[in-house]
Amino acid sequence: MAEKKSWLPRWFYQLASPRWCYEFMGRLLPWFGAGALLLLVAGTVWSLLYAPADYQQGNSFRIIYIHVPAAILAQSCYMLMAVAGAIGLIWKMKVADMVAKSCAPIGATIAVLALATGAIWGKPTWGAWWVWDARLTSMLVLLFLYLGVIALHSAMESDATASQATSVLALVGLVNIPIIKYSVEWWNTLHQPATFTLTEKPAMPTEMWLPLLVMVIGFYCFFAVSLMLRVRNEILRRERRASWVRTLLDKV
Amino acid sequence: MNQPVSNAGVRPVNPGMAGLFWAVMKRDLMLAFRRRSDLLNPLIFFLMVASLFPLGISPEPTFLEQIAPGVVWVGALLATLLSMDSLFRSDFDDGTLEQTLLSPQPLFLVVLAKVLAHWAMTGLPLTLMAPLLGVMLFLPSEGMTGLMLSLLLGTPTLSLVGAIGAALTVGLRKGGVLISLLVLPLYIPVLIFGAGAVQAAVTGLPLGGYLSLLGAMLALGVALAPLAIAAALRISVSG
Amino acid sequence: MSFNSFSEFLAMGGHGLYVWLSYGIALAIVALNLIEPLMARKQLITDLVRRLRRESSN
């Protein structure tokens, strides 16, 4: 009888094994760690020392090298959380559930970073510690969505039920994000006639967007490190009864 | 009393989709009517919340008429949110919900009918009561049509999205504030355009755009929310 | 280099507070997200080893 070939590649099924994932992530960690360290240090030095100051905003413009990567990361993290949740929901893959659960706290703290840097940037630019600017308000709503996912997860006792419920919530949030963004932007144009937005990215010369790119990639590497650390913890916790975990613990 | 009954002469009735829908709605409306006091609570809350603003800030007519659209909308939003917990709870507690999930009837329709019945008992009365609040907050009379229409289109969406939160938390002992945490960010677009519609009506601008957007959100809600609600109910009941 | 002296670097043209506060918060949050899982791992392994030892002694 001919073997039925699935359209899904082999590594997809390997991903379903928590043990395989644990070991694979263990091997990836040093690389991403080194990458994150290198890129973030180089990026920071570049942003603080070598990048030019902005003509209008002066040196406070350097905050962009933190604010923009954080904002991009906060949004990508939510998307990953929703996609991982969907995969866990559809294919009942435990590791996908663990990835989704681990994304939430990281995403929330990064959203806080984006908000904090956005607010701090506002002070020298607008003279106020907070502005209800469209992008900042959308980021605030994104933080609320993260906090909702975290709250729902912690309210449920069973891991499986919690993962399913938060996956549904994350997907509902994902569908709503474009709607929220559009409505907040519209609301903002109505109430703020200013033409220059706080986080607007003007056409940047190379000396400015190159360090930004380095910082963005560096932040992504850092995110990968933090995520993998948390997922490995989750795997150990949930699979503690498995024999491979016991062998691992015996060696400790 | 002991006469034998047979189904021999009875013609089988297939109620179909519409029949199922109305049957569920009728049941929920009847059950809601039996607890009439519960129906009043959201309305009283609505009234109280709106009164808090003049008390907490200032009763100046010029000030209040500026914030009236937003305050009435926020009040309606919070009142709807508060009433959401009871949507599935009584059915969950007595096991009816589990039976509904096990039945072969399409869950989409059952859920839609329940939410619509709930809206008829909360969102609709809120909409009808809104002009009273408008008067209390010195909303100009031009704003009243905008208020009613935006609430008419907006409150069903609020009920639908709120039901997702209710379905996710129905299995938990303390739903309470958690529902608000989950649902409030999702309410923001409806609030923005609902309050915006009232503002537009007050300043004499055309309402068409706002109402179309609210209508579009409602259409999206009717199409997608029941799917999320059904999935959430299955998770909550089996969890 | 965009700055001529170290004191100029610190002052950031008057915006020193904002720039350093932002970078400081960023450092804190990055550190938090790395230290927290590492500490949790240590705690988890200690707990699991202890539980394993208890079960094997029974």
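Residue numbers (the working numbering), protein chains in the order written: chain A, 3 to 254; chain B, 73 to 311; chain C, 458 to 515. Positions of the beta carbon are idealized from the N, C-alpha and C atoms, including for glycine.
When you compare only the Cα positions, how much space is there between residue i and residue j?
i: C:Leu509; j: C:Pro494; result: 22 Å
i: B:Leu224; j: B:Glu137; result: 21 Å
i: A:Thr197; j: A:Trp189; result: In this prediction, A:Thr197 scores a pLDDT of 43, lower than 50, which makes its location untrustworthy; the coordinate-derived value is nonetheless stated afterwards. Approximately 14 Å, taken between the alpha carbons.
i: A:Ala121; j: A:Ser78; result: 21 Å
i: B:Val187; j: A:Leu192; result: 33 Å
i: A:Leu171; j: B:Val309; result: 16 Å
i: B:Val233; j: B:Ala291; result: 12 Å
i: A:Ala38; j: B:Val249; result: 39 Å
i: A:Leu138; j: A:Leu117; result: 6 Å
i: A:Thr127; j: A:Ala136; result: 16 Å
i: A:Met230; j: B:Gly226; result: 42 Å
i: A:Tyr80; j: B:Thr152; result: 28 Å
i: C:Ile482; j: A:Phe224; result: 15 Å
i: B:Thr168; j: B:Ser175; result: 11 Å
i: B:Asp100; j: A:Asn178; result: 29 Å
i: A:Arg234; j: A:Pro71; result: 25 Å
i: A:Lys103; j: A:Arg248; result: 24 Å
i: A:Leu147; j: A:Ala157; result: 15 Å
i: B:Gly81; j: B:Pro203; result: 54 Å
i: A:Thr199; j: B:Trp145; result: Below a pLDDT of 50, predicted positions are generally treated as unreliable, and A:Thr199, at 48, falls in that range; the measurement from the model is reported next regardless. One C-alpha to the other measures close to 28 Å.
i: A:Pro207; j: C:Ser462; result: 25 Å
i: A:Asp99; j: A:Arg240; result: 11 Å
i: A:Met141; j: B:Met102; result: 43 Å
i: A:Lys96; j: C:Arg498; result: 19 Å
i: A:Pro20; j: A:Val101; result: 11 Å
i: A:Gln59; j: B:Gly280; result: 41 Å
i: C:Asn515; j: C:Gln500; result: 23 Å
i: B:Phe93; j: A:Leu82; result: 37 Å
Residue range of the alpha helix (DSSP H) that residue i falls in?
i: B:Met156; result: 133-156
i: A:Trp131; result: Note, A:Trp131: premise wrong, no alpha helix (DSSP H); not H, not E.
i: A:His69; result: 66-93
i: C:Leu491; result: 473-514
i: A:Asp56; result: A:Asp56 -> no alpha helix (DSSP H), and no H or E assigned at all.
i: A:Gln16; result: 12-16
i: B:Lys98; result: 88-106
i: A:Ala244; result: Per DSSP, A:Ala244 belongs to no alpha helix (DSSP H) and is neither H nor E.
i: B:Gly206; result: 195-208
i: B:Ile301; result: 280-310
i: B:Gln75; result: Neither: B:Gln75 is in no alpha helix (DSSP H) and is coded neither H nor E.
i: A:Val233; result: 208-240
i: B:Gln171; result: 168-174
i: A:Trp48; result: Premise fails: A:Trp48 is in no alpha helix (DSSP H) and is neither H nor E.
i: B:Ala273; result: 248-275
i: C:Glu465; result: 463-468
i: B:Leu232; result: 215-241
Report yes if the CB atom of residue i is closer than 8 Å to the CB atom of residue j, and no otherwise.
i: A:Arg242; j: C:Leu505; result: yes
i: A:Ala110; j: A:Leu75; result: no
i: A:Thr163; j: B:Gly311; result: yes
i: B:Leu240; j: B:Leu253; result: no
i: A:Phe34; j: A:Ala226; result: yes
i: B:Leu115; j: B:Met193; result: no
i: A:Ala84; j: A:Leu17; result: no
i: A:Pro297; j: A:Tyr67; result: Residue 297 of chain A lies beyond the range of chain A shown here (3 to 254); nothing can be said about it.
i: A:Glu209; j: A:Pro54; result: yes
i: A:Ser228; j: A:Ile152; result: no
i: B:Ile301; j: B:Ala235; result: yes
i: B:Ala238; j: B:Leu159; result: yes
i: A:Ser49; j: A:Met217; result: yes
i: B:Ile260; j: A:Ser185; result: yes
i: A:Ile65; j: C:Ser459; result: no
i: B:Phe118; j: B:Ala148; result: yes
i: B:Ile251; j: B:Met120; result: no
Excluding five sequence neighbours on each side, which residues of the same chain lie with their C-beta closer than 7 Å to the C-beta of residue i?
i: B:Thr217; result: Ala273
i: B:Ile139; result: Phe125
Output needed for residue i: all residues of its chain with C-beta closer than 6 Å, excluding positions within five of it in sequence on either side, in chain order.
i: B:Pro133; result: Phe210
i: B:Pro58; result: With chain B represented from 73 up to 311, any question about residue 58 of chain B goes unanswered, as that position is not in the structure.
i: B:Leu205; result: Ala122, Val144
i: B:Gly243; result: Ser308, Gly311
Would you grab the beta carbon distance between residue i and residue j for me? Rounded to a whole angstrom, and I think it's under 8 Å.
i: A:Gly87; j: A:Leu173; result: 7 Å
i: A:Gly220; j: A:Leu41; result: 3 Å
i: B:Pro126; j: A:Gly150; result: 32 Å between Cβ atoms; not a contact.
With a threshold of 8 Å on Cβ separation, who are the neighbours of residue i within its own chain once the five nearest residues in sequence on each side are excluded?
i: B:Val96; result: Leu181, Val182, Ala185, Lys186, Ala189
i: B:Met286; result: Reading off the sequence, residue 286 of chain B comes out as Leu, not Met. Ser222, Leu225, Gly226, Thr229, Val262, Phe265, Gly266, Ala269.
i: A:Pro195; result: Confidence at A:Pro195 is low in this model, with a pLDDT of 47, below 50, so the placement of that residue should be treated as unreliable; the coordinate-derived value is given next. If we look at A:Pro195 and ignore the five residues flanking it on each side, it has no Cβ neighbours.
i: C:Leu474; result: none
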